[in-house]
Amino acid sequence: LGRDLMTRLFRGTRVSLLIAFVSVLTNVFIGVVYGAVSGYYGGKVDMILTHVAQVLDGLPYVVVTILFMLLLGSGVTSLILAMCVTGWIGTSRLIRAQFFRFKEREYVLAARTLGVPDITLIFRHILPNCIGPLITRAMIAIPGAIFSESFLAYIGLGIAAPEPSIGILLSDGQKVLLQYPYQTFFPAVLI
26 LGRDLMTRLF RGTRVSLLIA FVSVLTNVFI GVVYGAVSGY YGGKVDMILT HVAQVLDGLP
86 YVVVTILFML LLGSGVTSLI LAMCVTGWIG TSRLIRAQFF RFKEREYVLA ARTLGVPDIT
146 LIFRHILPNC IGPLITRAMI AIPGAIFSES FLAYIGLGIA APEPSIGILL SDGQKVLLQY
206 PYQTFFPAVL I
């Protein structure tokens, strides 16, 4: 069709990065709030929230993506929403564990004794201690989101065909692998 492969690779990378960053930021926000509430209050609240997360974690990722594609059509929005349905669960577990670790420390007990409200204890005294593992988790989640988007586009569940994606370029390159191997090589190297 006379399309420039390098331009399509750059546009596909831009789409993949957009989907990855938006989904990871959304997952971090949801996971931090969910895990902080679960870890700070503990008891029955923790038990209920943990069971809800376990039920959502049991949903197959491809099935959820297919459902979003059927409801919203193929596009960036449906991919981001599909990645956000269960993507926050790992972050919430991490934050929950960190809150269990820090909520009984002396400085938190001292602040609680002075009458500091729970929301301030959560976001000012405990959450800053969780930033290191949270940043590490988010940085590891970005390549995972790019791989997920590329995989979904490769099997035909991603973005519609005129808009380039790394997975679409790999799928198109596979069809002409023996005649034009560079059409598969460059997207594979990029991913």
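Residues in the sequence shown are numbered consecutively from 26, following my numbering. Quick reminder that beta carbons are idealized off the backbone N, C-alpha and C, glycines included.
Query, Result
"Under 8 Å between the Cβ atoms of N52 and G112?", "yes"
"Measure the Cβ-Cβ separation of G192 and F176 and say whether it is below 8 Å.", "yes"
"Mind checking which residues open and close the alpha helix (DSSP H) that includes G183?", "No alpha helix (DSSP H) contains G183, which DSSP labels as neither H nor E."
"Quick check: what's the CA-CA separation for Y65 versus L139?", "18 Å"
"Taking only the alpha-carbon atoms, compute the straight-line gap between T209 and Y179 and give it to the nearest angstrom.", "12 Å"
"Could you compute how far the alpha carbon of D71 sits from the alpha carbon of L106?", "25 Å"
"Helix, strand or coil, according to DSSP, for Y205 in the structure here?", "coil"
"Assuming I120 and G56 form a contact by the criterion Cβ under 8 Å, report the distance between their Cβ atoms to the nearest whole angstrom.", "6 Å"
"Within this structure, are the beta carbons of R33 and P187 separated by less than 8 Å?", "no"
"Can you have a look at A135 and say buried or exposed, based on whether 16 or more other CB atoms are within 10 angstroms of its CB?", "exposed"
"Should the stretch 124–133 be called in touch with the stretch 143–160, which here means at least 3 C-beta pairs below 8 Å?", "yes"
"What is the C-beta distance between S117 and G60, in whole angstroms, given that I count them as a contact (C-beta under 8 Å)?", "4 Å"
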